[in-house]
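For the sequence shown, position 36 (counting from the first letter as 1) is numbered 53 according to the numbering used here, and the numbering increases by one without interruption. Here a beta-carbon is modelled for each residue, glycine too, at the ideal position from N, C-alpha and C.
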Amino acid sequence: MSSEKASDDTAGSEELQMDEELDRIMFRSAIAAMIVGLVVAGYLLWLTSQESYSALYIYPDSYSNYVKPGEVVTFRYGIECHERGEAHYTIRIYLGDQLLKTREVVLRSGDVWESNESITLPQNISFPTKVRIEAEVNGAVYEVHFWLKERGS
């Protein structure tokens, strides 16, 4: 009987040691998972702070959609820069498919640049036609536009 008891004590002791070892492994795994999670979260936060983009816009109250051939169309547009470092923009203004103007602008992150523009419509223009502004920077092209329609008499 005493050998059975000794055997039970040894088995119980081994089981207790295995439980303790398993607890240590699980604790270390949980710590490792938390560290990996913190590293990934930190990387994602850093990555989103490095995001670069630009906002190209037209003031909707700065132009009229209804015009006649030969009239001058005026509008105001702008760029809000959120690119990293200094950004070199190439701005193109189109009437339909025809390129009317090209200009270069250099902005830093946080800068806002705006400009007034005037376009004299040709006498032979066909309506509706699109006025389009493109801004190209760092390989990305941003576009905004508005439509012109013929005004009745």
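| Item | Value |
| --- | --- |
| Backbone secondary structure at I48 - three-state DSSP | helix |
| Proximity of K166 and Y83 at Cβ, strictly below 8 Å | yes |
| Inter-stretch contact (C-beta, 8 Å, three-pair minimum) for the segment 136 to 144 and the segment 37 to 56 | no |
| Contact between the segment 56 to 63 and the segment 107 to 123 (3+ Cβ pairs under 8 Å) | no |
| Integer Cβ distance of V123 from I96, believed to fall under 8 Å | V123 to I96, Cβ: 11 Å. No contact. |
| I42 vs V161 beta-carbon contact at 8 Å | no |
| Same chain, Cβ closer than 8 Å to M155, five either side skipped, listed in chain order | Note on identity: in this sequence residue 155 is Asn, with Met being the wrong assignment. Same-chain partners within the cutoff: S69, E100, A104. |
| Own chain residues within Cβ distance below 6 Å of E134, not counting five before or after | F92 |
| In chain order, each beta strand (DSSP E) run of at least 3 residues that lies wholly inside the segment 43 to 115 | 70 to 75, 89 to 99, 103 to 112 |
| Local conformation of S135 per DSSP, three classes | strand |
| Rounded straight-line distance, which links the Cα of Q115 to that of P77 | 22 Å |
| Residues of its chain near E88, where Cβ-Cβ distance is below 7 Å and the 5 sequence neighbours each way are ignored | L138 |
| Cβ pair C176, S126 closer than 8 Å | In the structure as shown, the chain starts at 18 and stops at 170, and residue 176 therefore has no counterpart that could be examined. |
| Run of the beta strand (DSSP E) containing I150, from where it starts to where it stops | 146 to 154 |
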